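K.L.:
Heads up, the final residue of the sequence shown is numbered 236 in my numbering, and it's a clean run with no missing numbers.
Supplied in structure tokens, the structure appears directly below.
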Amino acid sequence: MRLLLVDDEPGLSRALARGLAAEGFAVDVRADGPSGLQQAVDEDYDVVLLDVMLPGMSGYDVVRSMRRQGVWTPVLMISAKDGEHDQADGLDVGADDWLTKPFSFVVLVARVRALLRRSAPPRPVVLRAGDLALDPAAHEVRQGESVVELTSREFALLEYLVRRAGRVVSKGELRDHVWDSAATDGLNVVEVYVAYLRKKLGPAAVETVRGAGYRVPA
Numbered sequence: 019m020r021l022l023l024v025d026d027e028p029g030l031s032r033a034l035a036r037g038l039a040a041e042g043f044a045v046d047v048r049a050d051g052p053s054g055l056q057q058a059v060d061e062d063y064d065v066v067l068l069d070v071m072l073p074g075m076s077g078y079d080v081v082r083s084m085r086r087q088g089v090w091t092p093v094l095m096i097s098a099k100d101g102e103h104d105q106a107d108g109l110d111v112g113a114d115d116w117l118t119k120p121f122s123f124v125v126l127v128a129r130v131r132a133l134l135r136r137s138a139p140p141r142p143v144v145l146r147a148g149d150l151a152l153d154p155a156a157h158e159v160r161q162g163e164s165v166v167e168l169t170s171r172e173f174a175l176l177e178y179l180v181r182r183a184g185r186v187v188s189k190g191e192l193r194d195h196v197w198d199s200a201a202t203d204g205l206n207v208v209e210v211y212v213a214y215l216r217k218k219l220g221p222a223a224v225e226t227v228r229g230a231g232y233r234v235p236a
């Protein structure tokens, strides 16, 4: 899953980006309102984490402009402002959720996953495809009765495919949503990690659709 973090506190941004990457998210970071808005409009994200007090343009104005331009990516506002009217204003201009600083990283991840569930087609908490059961909250994958140990990046790749079970997903889409924009391995990295998944789950777990991409059977 690909996230955009817009926050002008460098220390917090670095810490959040590292933590979210360890949870299997691909994270792009911007430090001001105008560049955050441009990134949110130009690129395809699963969730935007957005501070309110930003240089150049407030988080409120970023959300308002996103919605006016037809960008409906879920937005979680993160702010030190904790007044009821502040939160109400954020939700009224188009944000989907609000988290007050300082916050628990565990709660942040849970809120992000909740937004992902809301924006995706309805699915149970444990995602299933064929003999695979993937629990995003517990970060656990079972194949039949066996627990399969995956790295964070392998888990993120499999989660993206399982959420779209039965659908062909292109290498480009996988690259954009599982790796952040700073990665330089091109599409080859997708092939490498699909091979890792097949080694652990079996060759039939991820199908190749020649010329189109990959599919996890539903």
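For every residue, glycine included, the Cβ atom is placed at its ideal position computed from N, Cα and C.
On a predicted model such as this, the values are computed, not experimentally measured, just so you know.
In whole angstroms, give me the CA-to-CA distance for LEU205 and ASP194.
P.N.:
10 Å
K.L.:
Does the contact criterion of 3 or more C-beta pairs under 8 Å hold for the segment 155 to 169 versus the segment 72 to 89?
P.N.:
no
K.L.:
I'd like to know whether the C-beta atoms of VAL24 and ALA35 end up nearer to each other than 7 Å.
P.N.:
no
K.L.:
Counting only the same chain and skipping the five closest in sequence on each side, list residues whose C-beta sits under 8 Å from that of LEU21.
P.N.:
LEU38, PHE43, ALA44, VAL45, ASP46, TYR63, ASP64, VAL65, VAL66, LEU67, VAL130
K.L.:
Taking all protein chains shown into account, decide if SER83 is buried (16 or more other Cβ within 10 angstroms of its Cβ) or exposed.
P.N.:
With 16 or more neighbouring CB atoms inside 10 Å of its own CB, SER83 falls in the buried class.
K.L.:
Around the Cβ of TRP90, are there at least 16 other Cβ atoms within 10 angstroms (buried) or fewer (exposed)?
P.N.:
exposed
K.L.:
When you compare each of LEU175, GLY190, ASP198 to VAL224 by their alpha carbons, which one comes out closest?
P.N.:
LEU175
K.L.:
Find the nearest neighbour of ASP26 within the set GLN57, LYS217, ALA49, judged by alpha-carbon distance.
P.N.:
ALA49
K.L.:
With DSSP as the reference, label ALA113 as helix, strand or coil.
P.N.:
coil
K.L.:
Using the C-alpha atoms, what's the distance from PRO154 back to GLY229?
P.N.:
30 Å
K.L.:
Roughly how many angstroms lie between the CA atoms of GLN56 and TYR211, to the nearest whole one?
P.N.:
30 Å
K.L.:
Among all the DSSP beta bridges, which residues are the ones paired with THR118?
P.N.:
SER97
K.L.:
Cα-Cα, which of HIS103, VAL165, ARG135 is closest to LYS218?
P.N.:
VAL165
K.L.:
Count the other C-beta atoms from every protein chain shown that fall within 10 angstroms of the C-beta of PHE173, then say buried if there are 16 or more, exposed otherwise.
P.N.:
buried
K.L.:
What would DSSP say about SER164, mapped onto helix, strand or coil?
P.N.:
strand
K.L.:
Across the segment 145 to 152 and the segment 98 to 118, are there enough close Cβ pairs to call them in contact, namely three or more that are closer than 8 Å?
P.N.:
no
K.L.:
Flag this pair as yes or no: are the beta carbons of LEU134 and ASP115 separated by less than 7 Å?
P.N.:
no
K.L.:
Can you list, in chain order, the residues of its chain with a C-beta nearer than 6 Å to that of ASP104? Leave out the 5 residues immediately preceding and following it.
P.N.:
none
K.L.:
Between which two residues does the alpha helix (DSSP H) containing GLU191 stretch?
P.N.:
189 to 196
K.L.:
Whose C-alpha, out of GLN87, GLY88, THR118, ARG86, is nearest the C-alpha of LYS99?
P.N.:
THR118
K.L.:
Report the rounded CA-to-CA distance for SER31 versus ARG85, giving the unit in angstroms.
P.N.:
Whole-angstrom Cα-Cα distance: 24 Å.
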